[in-house]
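Visitor: Dropping the structure in here first, questions after.
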Amino acid sequence: MDVLIKIKDREGVVHELQAPTDMAMNIMELCKAYELPVEGTCGGMAMCASCQCYVTNDVALPEMGEDEEAMLSEAFYVKANSRLGCQIPITPELEGLELELAPES
1 MDVLIKIKDR EGVVHELQAP TDMAMNIMEL CKAYELPVEG TCGGMAMCAS
51 CQCYVTNDVA LPEMGEDEEA MLSEAFYVKA NSRLGCQIPI TPELEGLELE
101 LAPES
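For reference, each letter of the sequence shown is one residue, going 1 to 105 in full-length UniProt numbering.
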């Protein structure tokens, strides 16, 4: 089953992406699969913040872990709605999620 996730890129273009819930992917990997400009330098280990995004609507997300909190405390352009894409697994609960890519640091 796929869910619809909308991601606004750094140019302001909104991409409507079909995200598979049966492949154990996360938001960073989804962005890379659709060739959006997300580096994911650390490979999804919450160690680089190159996949930082802003959650722009009210969809229940998994709680932020200690590693993600620590990385965001050191990252640039952090807002109250910042999350690391690599730490958000794609599940059926994400249907309708809307994100905006954070500026590159």
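Positions of the beta carbon are idealized from the N, C-alpha and C atoms, including for glycine.
Leaving out the 5 sequence neighbours to the left and right, which residues in its chain are closer than 8 Å to A60 when beta-carbon positions are compared?
Guide: Within the same chain, A60 has close Cβ partners E93.
Visitor: Quick one: what does DSSP say L94 is sitting in, helix, strand or coil?
Guide: Correct three-state label for L94: helix.
Visitor: On the three-pair Cβ rule with 8 Å, is the segment 32-40 touching the segment 48-68?
Guide: Touching, yes.
Visitor: In whole angstroms, what separates the C-alpha of V14 from that of M23?
Guide: Distance between the alpha carbons of V14 and M23 is about 24 Å.
Visitor: Where does E11 fall in DSSP's three states?
Guide: If DSSP states are grouped into helix, strand and coil, E11 belongs with coil.
Visitor: Measuring CB to CB, does L84 end up less than 8 Å from V78?
Guide: Contact: no.
Visitor: Would you decide whether E68 is buried or exposed? Buried here means 16 or more other CB atoms lie within 10 Å of its CB.
Guide: The residue is buried, with at least 16 neighbouring Cβ atoms inside 10 Å.
Visitor: Under a three-way DSSP split, which group does residue 108 fall into?
Guide: Residue 108 lies beyond the residue range present for the chain, which begins at 1 and ends at 105; the question has no answer from this structure.
Visitor: Check whether the Cβ atoms of Y54 and A102 sit closer than 8 Å, and answer yes or no.
Guide: A contact, by the Cβ cut-off of 8 Å.
Visitor: How should M28 be labelled, buried or exposed, when 16 other C-beta atoms within 10 angstroms of its C-beta is the threshold for buried?
Guide: Label assigned to M28: buried.
Visitor: Can you list, in chain order, the residues of its chain with a C-beta nearer than 7 Å to that of L4? Leave out the 5 residues immediately preceding and following it.
Guide: So the list reads E16, Q18, E95 and G96, once near-sequence residues are dropped.
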